[in-house]
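Student: Its first residue numbered 165, the sequence shown is counted upward by one per residue in my numbering.
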Amino acid sequence: MALMYKLYQNNNKKSPYYENWYGRAVSVGTVTTDQLADTIEANCTVKRSDILAVISELVVTMRNELQNSKRVKIDRLGTFKLAITTSRSATAKGFTVSENLKNIRVLFQPELKVGKDGTRVRSLVNGCQVTELPFNNVVKEPAGEQDNG
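1) What number of angstroms, rounded off, separates the C-alpha of Phe-299 from the C-alpha of Met-168?
2) What residue ranges within the region 214 to 275 form continuous alpha helix (DSSP H) runs of no fewer than 4 residues, ordered along the chain?
3) Secondary structure at Leu-200, three-state DSSP: helix, strand or coil?
4) Does DSSP classify Ala-166 as helix, strand or coil?
5) How many Å lie between Asp-214 and Ser-262 at the Cα?
6) DSSP state of Glu-205, grouped into three classes?
7) From this set, Gly-282, Arg-269, Asn-264 and Pro-274, which residue's C-alpha is nearest Leu-241's C-alpha?
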């Protein structure tokens, strides 16, 4: 199993990297809470109903803690926190949530482990393999053959 990517080309004519190619991670499906519970149940002795109850309560508890300006750290997973995007105000007195708040989002920082050799490894990406999406639909030029049209 591997993380898949597909190629895309920068089409922004104002960019200094116009027409350069980049890889972008793609999702090829979604795993639901029920499917996670089935997998977890198959891998341990906890019943599916207990797993679903814990996950459901975790969501509620995390929301409450995050909305009380706390970070939520889940060991071996990472830390979640809320962040906001606001518009500017010419004065501090003129800043109001109703006028200046634009967005609230969740930030996630995977747990970081530092090895004895100083290498840094983030949870969830440790050992990740990367491969091109099989149906990428991008024609690749052989090395050295570019259209200079």
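Backbone N, C-alpha and C define an ideal beta-carbon position, used for all residues, glycine too.
Tutor: According to the structure shown:
1) Numbered from its first residue, the sequence shown carries residue 299 at position 135. Numbered from its first residue, the sequence shown carries residue 168 at position 4. Straight-line Cα distance between these residues: approximately 11 Å.
2) 261 to 264
3) Reading the sequence shown from its first residue, position 36 is the one you call residue 200. Three-state result, Leu-200: helix.
4) For the purposes of this step, residue 166 is identified with residue 2 of the sequence shown, where counting begins at 1. Coil, per DSSP.
5) Residue numbering aside, residue 214 sits at position 50 when the sequence shown is read from its first letter. Residue numbering aside, residue 262 sits at position 98 when the sequence shown is read from its first letter. One C-alpha to the other measures close to 41 Å.
6) One-based indexing of the sequence shown puts residue 205 at position 41. DSSP places Glu-205 in helix when its eight states are reduced to three.
7) Looking up residue 241 in the sequence shown gives position 77. Among Gly-282, Arg-269, Asn-264 and Pro-274, the Cα nearest to that of Leu-241 is on Pro-274.
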